[in-house]
Amino acid sequence: MNELLTVVVAVCLAYLLLLNLVYVALAAVSAFENGVRRRESAAEDYETLASSRFTIPVSVIVPAFNEETSLVPAIRSMLDLEYPEFEVIVVNDGSTDGTLGTLHEVFGLEPFETFVRAVFPSAEVRAVYRSRTHEKLLVVDKENGGKADAMNAGFNAARYRFVCGMDADMVIAPDALLKGMRLVIQDPGRVVGVASQLGLALDPGRVMATPRGSRPVERRPLFAYQHLDFLRAFLTNRLAWSRLGFMLCASGGFHIWRRDLLEEIGGYSLGFTCEDIELTFRAHEYLLREGKEYAVLSLPDYIGATEAPDTVRKLVSQRERWQRVINETVWHYRRMCFNPSYGAVGLLGLPFYLLTEVLAPAVELLALASLPLAFVLGVFDLSAFLVMVGAVAFLTASLTAVAILLDDVHSRMYRLRDLAWLLLLAPFDLVLYRPIIFWSRFKGTWRYLRGDKSWERFERNVRSQAV
Amino acid sequence: MHALVLRASVLVLAAAFPLWLLLSLTVVVGRARYDRRQRTGTRKPSRRQAERLLRRALGSPRTEWGEWRKITAIDRLARMRHPATPHVLYHALWGPDDKAAAAAIRSLGALGDLWAIELLVAALRGGRVSRSRVASQLERLYPEAGFLLLPLLRDPEPAVRFWGATLLTPYGSLAEVELVNLTRDEDANVRAAAVEALGHRHGPYAAGATVALLEDPVWFVRVHAARAAGHVAGAEAAPAITRLLTDERWWVRTAAKDALETIGKDAVPALVPVLSSPDRFARNSAAEVLQDIGLVDHLALEDPRSSLLRRIYKAGGPRLRAAAEARAAQARAARRERAA
């Protein structure tokens, strides 16, 4: 039995070591990438971009299902974008609440027929509306078909060559599209996809109304830890993926794609629990298979805030869904894994997902199971355990501090006292936040193994009604 | 095993804890210093600092990081209008580093002096950096750049002629004859740019030249010609544009629809026959244009039984009819409310 325990501990430690080595390496690459992007952005002429007719027009697509409370501030922020030419297409995905009524009331919608080329598969469109007050706004009302289906309906209605998908609870910064399109404009033939950093907030509208530099971070630990999780994901992981050529997750909150590529790969797939990661994988797979030169980039720029789950139950529901879709996608594209013909995506990207996401619940479960086993066998050493926990906690905290540093150097967004609070919280991540994530991942993996593709949409946080 | 794990953990803890502390201090101190600088304002660089910036701006870095330091130096020198700025920008523009050249283009646009415009025009002709980036800077220098752009129209390279025509779009009557000549250029991109520029003119030759290009063999030239003709030729071009509603290319059909909307009520006589076209898109588009220019709303409100409205509904389908009737009902309700 002792031998079994030794093997389990050895496997878990080897995994831990490998994982942290990978994260440290990615953080170093991210730091370099962040520095380059920061200097690039500082030297960029945003004023000219914002007024030039050579700036590439963009169709912004916002799928909305029962978003009565969050949609209006989100759309207002999108209509206020500082960008020369764009349109906002809101796709009402058969909402059963007052979403469409609210849009009618606030934006003075009028039914208008628009004939579009139905290139992407989507459920039947019931009506198309234009706004009497905002000429850039178009609302497509369709039968319910899910987010992927709604995005496809939006792509059908899009008039421009580049499309930008945003979530309906996302309050966007006025320069978000400029920052997102900056590198596309430099090389539209090569840059086919862009994602950027999102912030989290209890009430995104309120947070985004606060000027840069004094923007607050929600102090409640559940929010603060999600905020740190996002910072680590965007600043110390995805920047490195972007630099190394395997940016595999253009998240649904904000992503830009070239429309002709989406046409070639058939738009969003309706067969997955969640659509954004799978689309990114499919785009890479197609472009690499076809031998095309391309780039899918992740930028460190803070482009807006989206709503964060405000209870543990909602957080678990969200994260277990993410875990399921990662498992589904990695399994679906397993032929690319360790396949040199898929370059960095096959040799680094998929193995990274396999190591850090797919295998994680199993190894974490094994590590957890070894504790009672050690007790039973009488070999549990409390001091060794505490030292190990401390080592992992501070190693993770150091990586978190790197993410905070990179974000602050790039955007100078948050108040100093909030940054200090985040830095203080970082070492306790392992004991306060990780158990929730572990449980979510475990639940997600379990549901994936059972073939469950349903998902409960997390209820919007309680806040004042949109006017 | 146990001792090894313990020793490794102690080592990691001994390294990770000070690292976390150090990084945290870096964040806090760095941010506090930044906030203080924001309050007190950035100081002008001293002479020594300016010399260092100059050395960096004229240097040849070997790493990507070095390239970005060079770009920052170029940018700072240009912003402070250092006397060596023209030399630095010329050096960056024609040097081997593409990123530095792009930075120089940006700085030249921001400076906007005559010598800067000349350098930008030279960069456009020389193909230094993406031409669209150079054009964006020249565009912001309207109207100063005007006459300096004219030689671009006679350049042997089609890409340069294309940008010349594109950049001359907002310049009223300047170079109308040259642009008309370019509508017969052998390069399709140049013809497209020329006809687009003519779409913003109102001289005697613009309308004829744009209508002539509606029959161009290249589809994207027809796209630009349709839009331009919609602006400058008006009702005269409506029948020819209407024919493009059945074009083999989708984008030409869409452009024709947009152009007919631009023409507005004057396009109605040309559109009515299309309501019976065997081509579904043409029928739908004709109905949509009539909806968008307000004719459908007018008929639905004032003469809901008219035969023309019935034809439009037939061509546009049930959703167009439902939308029109909903708007008419809204308008009637508003009218009743006003009357009451």
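Same order as they appear, the protein sequences are chains A and B. According to the working numbering, the stretch in the first sequence is residues 41 to 507, in order. According to the working numbering, the stretch in the second sequence is residues 3 to 342, in order. Every residue, glycine too, gets a C-beta built ideally from N, C-alpha and C.
Check	Outcome
Residue from Arg452/A, Leu472/A, Thr136/A with nearest C-alpha to Ala40/B	The question names Ala, yet the displayed sequence has Gln at residue 40/B. For the residues Arg452/A, Leu472/A, Thr136/A, the minimum Cα distance to Gln40/B belongs to Arg452/A.
Own chain, CB closer than 7 Å to Leu347/B, minus 5 neighbours either side, in chain order	No statement about residue 347/B is possible, as the shown extent of chain B runs from 3 to 342 and does not include it.
Distance, Trp479/A Cα to Ser282/A Cα	29 Å
Same chain, Cβ closer than 7 Å to Ile265/B, five either side skipped, listed in chain order	Gly232, Gly236, Ala237, Ala240
Local conformation of Ile96/A per DSSP, three classes	coil
7 Å Cβ cutoff met for Gly514/A and Ala216/A	The structure shown has nothing for residue 514/A, since chain A only spans 41 to 507.
Cβ contact (3+ pairs, closer than 8 Å) linking the stretch 174 to 189 of chain A and the stretch 51 to 66 of chain A	no
is_contact[Pro251/A, chain B] using C-beta, thresh 7 Å	no
Element boundaries [alpha helix (DSSP H), containing Ser287/B]	282 to 294
Residues of its chain near Phe222/B, where Cβ-Cβ distance is below 6 Å and the 5 sequence neighbours each way are ignored	Ala194
Touching by the beta-carbon criterion (3+ pairs, under 8 Å), the stretch 64 to 82 of chain A and the stretch 202 to 211 of chain A	no
Val225/B in three-state terms, based on DSSP	helix
Interface flag, Thr264/B vs chain A, CB-CB below 7 Å	no
Supposed close pair Pro467/A, Ala443/A - CB separation, criterion 8 Å	Rounded, the Cβ-Cβ distance is 14 Å, inconsistent with contact.
7 Å Cβ cutoff, Ile73/B in contact with chain A	yes
7 Å Cβ shell around Pro103/A - same chain, five flanking residues per side excluded	Val131, Asp133, Lys187, Ala190, Met191, Gly194, Ala208
Local conformation of Thr346/A per DSSP, three classes	strand
Length of the line joining the Cα atoms of Ala199/B and Ala289/B	30 Å
Check whether Val257/A and Asp448/A have beta carbons under 7 Å apart	no
Contacting residues, own chain, Cβ-Cβ under 7 Å from Ala284/B (five flanking each side not counted)	Leu247, Thr248, Val276
Partner residues on chain A for Trp252/B, Cβ-Cβ distance less than 8 Å	Arg157
Gln505/A in three-state terms, based on DSSP	Any answer about Gln505/A is weak, because its pLDDT of 41 lies below 50 and its placement is not dependable; what the coordinates show is given next. Three-state result, Gln505/A: coil.
Residue range of the unbroken alpha helix (DSSP H) whose run includes Met428/A	422 to 451
Run of the beta strand (DSSP E) containing Val131/A, from where it starts to where it stops	126 to 133
Among Leu399/A, Asp469/A, Lys483/A, Lys493/A, nearest to Leu58/A - alpha-carbon criterion	Leu399/A
Contact with chain B by Ile96/A, beta-carbon distance below 7 Å	no
Beta-carbon proximity check, Pro251/A vs Glu122/A, cutoff 7 Å	no
Endpoints, the alpha helix (DSSP H) within which Leu246/B is located	Neither: Leu246/B is in no alpha helix (DSSP H) and is coded neither H nor E.
Beta-carbon separation (whole angstroms), Phe202/A vs Arg299/A, contact threshold 8 Å	7 Å
Contact test: Val76/A Cβ vs the ligand SAH heavy atom, cutoff 6 Å	The ligand SAH is not part of the structure shown, which contains no ligands of any sort.
C-alpha distance - Leu406/A paired with Pro349/A, whole-angstrom precision	29 Å
Cutoff 7 Å; reference Ser171/A; Cβ partners in own chain excluding five residues on either side	Phe147, Gly148, Leu149, Leu177
Proximal chain B residues relative to Ala264/A, where beta-carbon distance stays under 8 Å	Ordered by position in chain B, no residue passes the 8 Å Cβ test against Ala264/A, which lies about 15 Å from the chain.
Start-to-end residues for the alpha helix (DSSP H) that takes in Val114/A	A quick correction: the sequence has Ala, not Val, at residue 114/A. Note, Ala114/A: alpha helix (DSSP H), 111 to 119.
Any alpha helix (DSSP H) of 4 or more consecutive residues that is wholly inside the stretch 31 to 61 of chain B	49 to 60
Continuous beta strand (DSSP E) stretch holding Pro151/A: start and end	149 to 151
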